[in-house]
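When the letters of the sequence shown are read in order and numbered with this note's numbering, they come out as residues 59 to 203.
Yeah, the Cβ is synthetic: ideal placement off N, Cα and C, and Gly gets one too.
Model, not experiment: these values are computed from the prediction.
Only one structure is covered here, and it is reproduced in the block below.
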Amino acid sequence: MRILHQHQNAEVTAITSRALQGKKISEVFPNMAGISDLVYSLPDDKALFDCNIVFFATPHGVAMNSSESFLDKGIKVIDLGADFRINDADLWSQWYNMEHSQSALLEEAVYGQPETRRDAIKEARLIANPGCYPTAVLLALKPLL
Numbered sequence: 059m060r061i062l063h064q065h066q067n068a069e070v071t072a073i074t075s076r077a078l079q080g081k082k083i084s085e086v087f088p089n090m091a092g093i094s095d096l097v098y099s100l101p102d103d104k105a106l107f108d109c110n111i112v113f114f115a116t117p118h119g120v121a122m123n124s125s126e127s128f129l130d131k132g133i134k135v136i137d138l139g140a141d142f143r144i145n146d147a148d149l150w151s152q153w154y155n156m157e158h159s160q161s162a163l164l165e166e167a168v169y170g171q172p173e174t175r176r177d178a179i180k181e182a183r184l185i186a187n188p189g190c191y192p193t194a195v196l197l198a199l200k201p202l203l
């Protein structure tokens with residue numbers, strides 16, 4: 059959040075959390091004092107539909123079941139979780155022990171590693187942020203490819 063707040067082309071307008079609703083971000087993260095006075099709202103806050111981009115940093119299943127409503131309104135989605143990292147619903151279900159409810163979105167999601175997918179990310183509506191282990195492995199192997 060701190061980096062995003064300082065980015066010249068970004069304006070963070072809302073943050074959500076069921077558990078933290080009503081608290082200032084600086085109460086939860088003291089290093090945000092003086093940077094942001096945003097107050098956590100519930101995830102169903104209608105103000106989210108005024109955003110250009112929505113980030114999901116949620117447990118498995120939340121982004122897959124909530125992304126479509128944003129995408130339908132032309133709002134880009136970046137999932138920091140694992141809901142769209144594997145583009146095969148059966149394989150995803152084996153790894154995460156739950157059914158994937160949005161197989162069509164799995165096919166659309168772009169693996170968000172800018173070092174290897176920059177052009178696709180620019181055009182994507184739905185970006186699946188890669189995890190730390192695959193990122194480390196893929197970037198180490200990239201010079202060999």
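- [ ] Enumerate, from N- to C-terminal direction, the unbroken alpha helix (DSSP H) stretches of 4 or more residues contained entirely within the segment 61 to 131.
- [x] Counting whole runs of 4 or more residues, the segment 61 to 131 contains the alpha helix (DSSP H) stretches 83 to 86 and 120 to 129.
Open item on the list: On the CB-based measure, 16 or more other CB atoms within 10 Å of its CB, does Ala140 come out buried or exposed?
Closed with: buried
- [ ] Look up Ala162 in the DSSP assignment and give the residues it is bridged to.
- [x] Bridge partners of Ala162: none, in fact.
Task: From Asn145, Met156 and Val70, residue whose alpha carbon lies closest to that of Ala186 - done: It is Asn145.
Task: Pairwise C-alpha distance: Ala182 and Ser159 - done: 20 angstroms
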